[in-house]
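Take a look at the structure below.
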Amino acid sequence: MSYEEGDITVVELKRYAYCPRILFITHVLHLDEVVSEAMEAGLEQHDDAIITPIVAKLKALRVLRSIELRSELLKMGGKPDYLIITRNKEYIPVEVKWASSDKGRVRWDHKLQLAAYALLVEENFKTTVKRGYIYYLKDRRVAGLVIDEGLKNLTRRIVENIHKIILEERDPGIVSPPTRCVNCGYKAYCRPGLKLRRPI
Ligand code: SF4
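Numbers 13 to 212, taken from my numbering, label the letters of the sequence shown in order.
Right, here's the structure in full:
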């Protein structure tokens with residue numbers, strides 16, 4: 013399945029969670045991210061065997077790897093790392109991240125990403141997705157997430173907002189704290205003079 017003109021990707025929800033302005037910078041101003049060594053490390057590939065314990069725990073009947081999904085309703089596409097289908101015909105998205113968990117829980121940006129995959133799976137497989145998992149490579153933890161209607165609705169609203177930023181060229185402005193901007197790949201264009209004071 014291929015994406016269509018005007019589609020956004022699930023990865024863009026993760027970026028929005030980091031900072032909505034990134035969407036304006038990339039889609040309206042068409043500027044590229046300045047990629048640091050740390051970011052490149054995060055792009056490293058992982059071995060499929062890493063999710064074997066999750067597959068066993070969920071009693072998977074099938075595991076689909078990097079399946080391309082698209083939502084006509086949301087004008088959004090995405091490829092979950094894994095989609096597990098259990099013996100009870102439950103569909104469960106699973107992601108592997110080169111990051112640490114939030115003290116054993118799924119991080120906010122990854123919650124949105126899992127919920128977005130859930131919406132794609134629901135539309136494509138005519139099912140209801142109730143949960144997802146993230147394997148965090150840095151602290152070697154598996155964090156589960158209940159994907160309820162509240163989170164799905166919030167995700168739908170954010171997708172709508174992203175489309176508005178792009179179509180109406182709406183600059184959301186600087187809404188992120190400076191601590192986040194310091195590690196942002198768009199700082200050079202967005203907040204070039206920003207320096208954090210060292211604690212005394
Ligand atoms: S520098 Fe800060 S405000 Fe600008 S895009 Fe990055 S996180 Fe957002």
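Even glycine gets a Cβ: it sits at the ideal position worked out from N, Cα and C. Note that the structure is a prediction, hence the values are computed from the model and not measured.
- Near residue 96, what residues of its chain come up, given a Cβ to Cβ distance below 7 Å and the 5 sequence neighbours on each side ignored? Counting only Cβ-Cβ distances below 7 Å, and skipping sequence neighbours, we find 67, 70, 72, 75, 104, 106.
- Item | Extent of the continuous beta strand (DSSP E) run through residue 98 | Secondary structure note for residue 98: its beta strand (DSSP E) is the uninterrupted segment 94-98.
- Task: Round the Cβ separation of residue 121 and residue 30 to the nearest angstrom and send it over; I've been treating them as touching at under 8 Å.
- Result: With a Cβ gap of about 6 Å, residue 121 and residue 30 count as contacting.
- Could you check if residue 128 is buried or exposed, using at least 16 other CB atoms within 10 Å of its CB as the buried criterion? Flag for residue 128 reads buried.
- Query: Quick one: what's residue 127 bridged to in DSSP?
  - Reply: Per DSSP, residue 127 has no beta-bridge partner at all.
- Own chain residues within Cβ distance below 7 Å of residue 170, not counting five before or after: Closer than 7 Å at the Cβ level, and outside the excluded window around residue 170, lie 25, 28, 124.
- Item | DSSP-derived helix/strand/coil call for residue 114 | The DSSP-derived three-state label of residue 114 is strand.
- Going by CA-CA distance only, name the one from 19, 36, 20 that's closest to residue 177. For residue 177, the closest alpha carbon among the candidates 19, 36, 20 is that of 36.
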